[in-house]
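K.L.:
Residue numbers (this note's numbering), protein chains in the order written: chain L, 3 to 105; chain B, 92 to 688.
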């Protein structure tokens, strides 16, 4: 990611960063994927294998300066739910699991 | 060396021995965060917990029955696995299921193995029950158990004495996600024979400390990493594979910190470490104790090894540490390894000749030569032959043919599949020698060293994992079956930096007429399914009109030809091409360029 690191102020900021990362990756690997990446899109739908998911998480962790367990890419399977999880790690706030997992 | 390993009938006897001689020494050390949070088992802990759980399994009438093991990385799986061995049950280790496709595969494995129970953890129990039930498993017949539920404080007498070395210890299910799974049967005797072979190949010392991160559930991660040190009264220090992928230098740091003498990893791990070293300081990593990195599970690239050696020499890595090896589940694990002293470490050969299974050795400086790496010498007490796969004549040194193997660790066969067992394990040479296990791999012997050059069957090995094109093709066909009846050919995208696969999809002669956006929509359906079932990235898809997939005169798909047409871009100009996703890749740069003006 080439833009300068900005402290995210909300879950929407985090989500924007994740979507930007995925958009760049898709441009390079799967340019026929022309759909706009949105919050309820799953990483399965985008076609990320496990290696790519862990790498994505590593880059996001570096970008935000937080530790992220690699299993998070499996526990939180949509852009939106991953954003909620990362925001809770950054802000130290609680994670509403029901909301995040859409139960 | 007089090791207990060499005198015992089963690996369980090794544990019994070392509980007597070093009960409070660590057998396993797991880094829960990949870095510093340690969880451990002494030999006594291991024996007690495993025997208590084994007693519980016996009480559930699981002796002689297959038990599916569903665990995350860590110590609980170690206990579950050894409990099965102590109980005389047949362990069936499996990867955790993450979606409904995975649960479908687990159902196939349960049905094929006739498993009567599933052992899992407390936190995974309800999800496992839900997933299996949704997949169609009757939970009144198959019991889902946790260690906590099954175990008691009592320990049945005579567990060890009751173990029959010729009875199956575990079943390894090889790849075949949608096709019927094939279970490789490994007996206690075959398992311990392979551990002996591994030890001898590099003269591993008793009480060896082994480091690692490979998945514990099969092949190198199970037999080479998790079980090997226990067979020798040593210790396995490890982390989960995800923690390695996330930060590969953790593996090297682990080995330095705990002074590991041996480890195992596929070729891609070496490249992953080299890449990580580019922007991470290496101070604090000291690999002077490390004597062996078994490098197997996928072809070893000489360049990757050389780079790895170069970068990590700064950490005191000895240049002989990386030792390419070769093996497969049908041999329990290892067939060749260690350093074949008389043989060259690698050879430069003519690439085109190799495709015709002819060996023409070139000067090392030759451009575009293909480098084949020596996978060591055949392991102790085993025999390797190079055989003409059609005529079954044994071939001389330097000739390329199918690798056949015999010895005490060759697996017993495929579970309840006599046809497949006969085909693979019943090879006889033209002059009547046998039976040999036919590996399906091609290679040659030279001055005592084995060189592996390819596969007879078309197998894709991506990041150390086997993928059969046929299985992925079946997935594509099934996924689109309701909408359109297609045929497919799948192959690996060799040229790309990030591993992925490409599909040629042949449309039916009479079928729905689909425009570009409809075809793109099909791709959008296929990609997530391939990712979910096979954990692979489906990169490009080419839709061809009926008859467009290259086939032999007998109708066999020519996947190699498909790959060549893709790499050379000949397919892009093929009159039978209806639509491809590669078009977007070509248009994109032009579009971007035009927008920039």
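Note that CB positions come from ideal geometry on N, CA and C, so glycine has one too.
Quick caveat: nothing in here was measured; it's all calculated off a predicted structure.
Using a Cβ-Cβ distance cut-off of 9 Å, determine whether residue 83(L) contacts chain C.
P.N.:
This model lacks chain C altogether, as its protein chains are L and B.
K.L.:
For chain L, is any of its Cβ atoms less than 9 Å away from the one on residue 561(B)?
P.N.:
It does not; no Cβ of chain L falls within 9 Å.
K.L.:
Just to confirm before moving on: does the CB-CB distance between residue 611(B) and residue 34(L) stay below 9 Å?
P.N.:
Against a cut-off of 9 Å, the Cβ pair of residue 34(L) and residue 611(B) comes out as a contact.
K.L.:
What would DSSP say about residue 4(L), mapped onto helix, strand or coil?
P.N.:
Model confidence at residue 4(L) stands at a pLDDT of 47, short of 50, so the residue's coordinates are unreliable and nothing is read from them.
K.L.:
Tell me which residues share the same chain as residue 581(B) and place their Cβ nearer than 6 Å to its Cβ, disregarding the 5 neighbours each side in the sequence.
P.N.:
Only 560, 563, 564, 592 and 594 meet the Cβ criterion.
K.L.:
Could you spell out the range, first to last residue, of the beta strand (DSSP E) harbouring residue 731(B)?
P.N.:
Beyond the ends of chain B as shown, which are 92 and 688, falls residue 731(B); an answer cannot be given.
K.L.:
First and last residue of the beta strand (DSSP E) that includes residue 386(B)?
P.N.:
Where residue 386(B) is concerned, the enclosing beta strand (DSSP E) stretches over 383-386.
K.L.:
Determine the direct distance from the alpha carbon of residue 360(B) to that of residue 327(B), and round the result to whole angstroms.
P.N.:
Residue 327(B) and residue 360(B): Cα-Cα distance of roughly 19 Å.
K.L.:
Kindly say whether residue 611(B), judged by its beta-carbon, lies nearer than 9 Å to any beta-carbon of chain L.
P.N.:
So yes, residue 611(B) belongs to the interface.
K.L.:
Could you check how far apart the C-beta atoms of residue 575(B) and residue 635(B) are, in whole angstroms? I think they sit under 8 Å.
P.N.:
Actually they are not in contact, since the Cβ atoms of residue 575(B) and residue 635(B) sit about 13 Å apart, beyond 8 Å.
K.L.:
Taking residue 60(L) as the query, report the chain B residues whose CB atoms sit under 9 Å from its CB, ordered along the chain.
P.N.:
Within 9 Å Cβ-Cβ: 336, 337 and 338.
K.L.:
Name, please, each residue of chain L whose Cβ falls closer than 7 Å to the Cβ of residue 623(B).
P.N.:
46, listed in chain order.
K.L.:
Could you name the residues of the region 63-76 of chain L whose beta carbon sits closer than 7 Å to any beta carbon of chain B, in the order they occur along the chain?
P.N.:
Under the 7 Å Cβ criterion, the region 63-76 of chain L contributes 72, 73 and 76.
K.L.:
Could you tell me the boundaries of the alpha helix (DSSP H) in which residue 332(B) lies?
P.N.:
332-337 is the span of the alpha helix (DSSP H), which, as asked, contains residue 332(B).
K.L.:
Just to confirm the assignment, what range does the alpha helix (DSSP H) spanning residue 60(L) have?
P.N.:
Its alpha helix (DSSP H) spans residues 52-66.
K.L.:
With a Cβ-Cβ cutoff of 9 Å, do residue 470(B) and residue 608(B) count as a contact?
P.N.:
In this structure, residue 608(B) does not lie closer than 9 Å to residue 470(B) by Cβ.
K.L.:
Could you check where the beta strand (DSSP E) with residue 495(B) kicks off and where it finishes?
P.N.:
First-last of the beta strand (DSSP E) with residue 495(B): 492-497.
K.L.:
Buried or exposed: which applies to residue 354(B), given that a residue is buried once 16 or more other Cβ atoms fall within 10 Å of its Cβ?
P.N.:
It counts as buried.
K.L.:
Tell whether a beta-carbon distance below 9 Å holds between residue 613(B) and residue 571(B).
P.N.:
Result yes, Cβ atoms of residue 613(B) and residue 571(B) sit closer than 9 Å.
K.L.:
With a cut-off of 9 Å, does the C-beta of residue 589(B) fall near any C-beta of chain L?
P.N.:
For residue 589(B), the answer is yes, since a Cβ of chain L falls inside 9 Å of its Cβ.
K.L.:
Could you give the DSSP three-state label for residue 129(B): helix, strand or coil?
P.N.:
Reduced to three states, the DSSP call for residue 129(B) is strand.
K.L.:
Between the C-alpha atoms of residue 260(B) and residue 45(L), what's the straight-line distance to the nearest angstrom?
P.N.:
So the alpha carbons of these two residues sit roughly 38 Å apart.
K.L.:
For residue 99(L) and residue 459(B), I'd like the C-alpha separation in whole angstroms.
P.N.:
Taking the straight line joining both Cα atoms gives about 55 Å.
K.L.:
Which residues mark the beginning and the end of the alpha helix (DSSP H) in which residue 219(B) is found?
P.N.:
Run containing residue 219(B): 213-225, per the alpha helix (DSSP H) assignment.
K.L.:
Could you tell me the distance, in whole angstroms, from the CA atom of residue 422(B) to the CA atom of residue 480(B)?
P.N.:
Roughly 19 Å separates the two Cα atoms.
K.L.:
Assuming contact is defined by CB atoms lying nearer than 9 Å, are residue 119(B) and residue 329(B) in contact in what I supplied?
P.N.:
Yes; because the gap between Cβ atoms is below 9 Å, this pair is in contact.
K.L.:
Measuring CB to CB, does residue 297(B) end up less than 9 Å from residue 325(B)?
P.N.:
Their beta carbons are under 9 Å apart, which means residue 297(B) touches residue 325(B) by this criterion.
K.L.:
Assuming residue 272(B) contacts residue 199(B) under a Cβ cut-off of 8 Å, what Cβ separation, rounded to an integer in Å, is found between them?
P.N.:
Between residue 199(B) and residue 272(B) the Cβ distance is about 5 Å, and since that is below 8 Å, they are a contact.
K.L.:
Taking the C-alpha atoms as reference points, what is the distance between residue 180(B) and residue 160(B)?
P.N.:
Using only the alpha carbons, I get a separation of about 12 Å.
K.L.:
Could you tell me which of 368(B), 386(B), 358(B) and 178(B) sits nearest to residue 344(B), measuring between CA atoms?
P.N.:
When each option's Cα is compared against that of residue 344(B), the closest is 368(B).
K.L.:
Out of 428(B), 176(B), 630(B) and 294(B), which has the shortest C-alpha to C-alpha gap to residue 105(B)?
P.N.:
Ranking the options by Cα distance to residue 105(B), first place goes to 176(B).
K.L.:
Are the CB atoms of residue 349(B) and residue 302(B) within a distance shorter than 9 Å?
P.N.:
Taking 9 Å as the Cβ cut-off, residue 302(B) and residue 349(B) qualify as a contacting pair.
K.L.:
Are residue 282(B) and residue 482(B) touching if we call contact CB-CB under 9 Å?
P.N.:
Cβ distance not < 9 Å, so residue 282(B) and residue 482(B) don't count as in contact.
K.L.:
By the DSSP assignment, the beta strand (DSSP E) with residue 507(B) in it spans what residues?
P.N.:
Element bounds for residue 507(B): n/a, residue is neither H nor E.
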